Amino acid sequence: MNESFENITVIKHPLVQDKLTTLRDKHTNNKNFKELVNEITLLLVYEATKNLVLTDKTVETPLETIQSKTLQGKQPVILPILRAGIGMVDGFSSLMPAALIGHIGLFRDEETLQPQRYYFKIPADSAERQFFICDPMLATGGTAVAAIDALKEKGVTQICLVCIVSSPEGVKVLHEHHPDVQIYTASLDRQLNENGYILPGLGDAGDRLFGTL
Ligand code: URA
């Protein structure tokens, strides 16, 4: 697939790309895999939060009182898509320790092949908050679209998706359904295979994170 997408920001920072190479390596063990997911997430979050709105705050330094900047509004919400998204929460929390954490669980209905929600918990006042959905892999895009559908049903309007590896197919599907949602990723890979795995990818992110290979 040879297309350029507007809804995706690929973070090409050398540290991200170096860590991603080790993450892809099938010889990387489960402990190192987890640490790398954490570190890459932290670097992706740095970029994904660049448009958060600031407001002025008075602060007394030991020498003077000044107007300085602080984040405006309510704390953002991190929304991991179960199960692999859980592996990215620590990376987010390192940079945004006060952010709230929601959860969404989806499974694929074997008859309709559509994602079905089995768990969804977010703060009551979510409509006023910025959401960061996280899932290491954006493959077919089905679960990401379903997670965004769920948020929009609750009135959430500020949503972005942070994933480590994306497929062109998933990015296209996401753009068709939710063109307002920006994707922050470390890589736009080549394609999906017939089983919905990303090529070259890194295999099953959940299994590699949690050692359930
Ligand atoms: N989920 C994964 O964990 N890996 C893929 O390649 C695709 C979906």
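Each residue of the sequence shown is one higher than the one before, counting from 2 in our numbering. Note that the Cβ used here is the ideal one computed from N, Cα and C, for glycine as well. Computed from a predicted model, the values in this text were never measured in an experiment.
Proximity of residue i and residue j at Cβ, strictly below 8 Å
i, j, result
"Arg25", "Leu203", "yes"
"Leu193", "Glu170", "yes"
"Ile134", "Ala145", "yes"
"Pro81", "His104", "yes"
"Phe132", "Val78", "yes"
"Val172", "Leu189", "yes"
"Ala140", "Leu21", "no"
"Asn8", "Gln183", "yes"
"Asp126", "Lys75", "yes"
"Ile160", "Leu152", "yes"
"Leu210", "Gly88", "yes"
Cut-off 6 Å between Cβ atoms - residues of its own chain near residue i, not counting five sequence neighbours on either side
i, result
"Ala206", "Ala85, Pro137, Met138"
"Glu48", "Ile12, Tyr185"
"Glu177", "none"
"Gly143", "Pro116"
"Thr45", "First, the residue type needs correcting, since residue 45 is Leu and not Thr in the sequence shown. Cβ within range, chain order: Ile12, Val163, Tyr185."
"Phe6", "Val172"
"Arg191", "Leu200"
First through last residue of the beta strand (DSSP E) which encompasses residue i
i, result
"Pro109", "The amino acid occupying residue 109 in the given sequence is Arg; Pro does not appear at that position. It spans 104-109 - the beta strand (DSSP E) in which Arg109 sits, taken as one unbroken run."
"Arg118", "116-122"
"Glu61", "55-61"
"Gln68", "66-72"
"Lys133", "Sequence inspection shows Phe at residue 133; the Lys mentioned does not correspond to that position. Counting along the chain, the beta strand (DSSP E) containing Phe133 begins and ends at 131-135."
"Tyr185", "183-189"
"Leu83", "78-83"
"Ile9", "9-11"
Close-in-space but distant-in-sequence residues of the same chain around residue i (CB under 7 Å, 5 per side omitted)
i, result
"Thr59", "Thr66, Gln68"
"Gly212", "Asn31"
"Asp208", "Leu214"
"Ser168", "Leu139, Ala140, Asp190, Gln192, Leu193, Ile199"
Proximal residues to residue i (C-beta, below 8 Å), its chain only, five neighbours per side dropped
i, result
"Asp91", "Asn39, Thr42"
"Asn3", "The pLDDT assigned to Asn3 is 47, lower than 50, so where the model puts this residue is not dependable; a value taken from the coordinates is nonetheless given after this. Nothing meets the Cβ criterion."
"Thr23", "Thr29, Asn33, Leu37"
Limits of the alpha helix (DSSP H) - the one that residue i falls within
i, result
"Pro15", "15-25"
"Pro169", "169-178"
"Leu96", "90-96"
"Ile149", "143-154"
"Thr42", "31-49"
"Gly204", "It is not in any alpha helix (DSSP H) - Gly204 carries neither H nor E in the DSSP assignment."
ask   = Any chance the region 116-123 sits against the region 63-75, with 3 or more Cβ pairs inside 8 Å?
value = no
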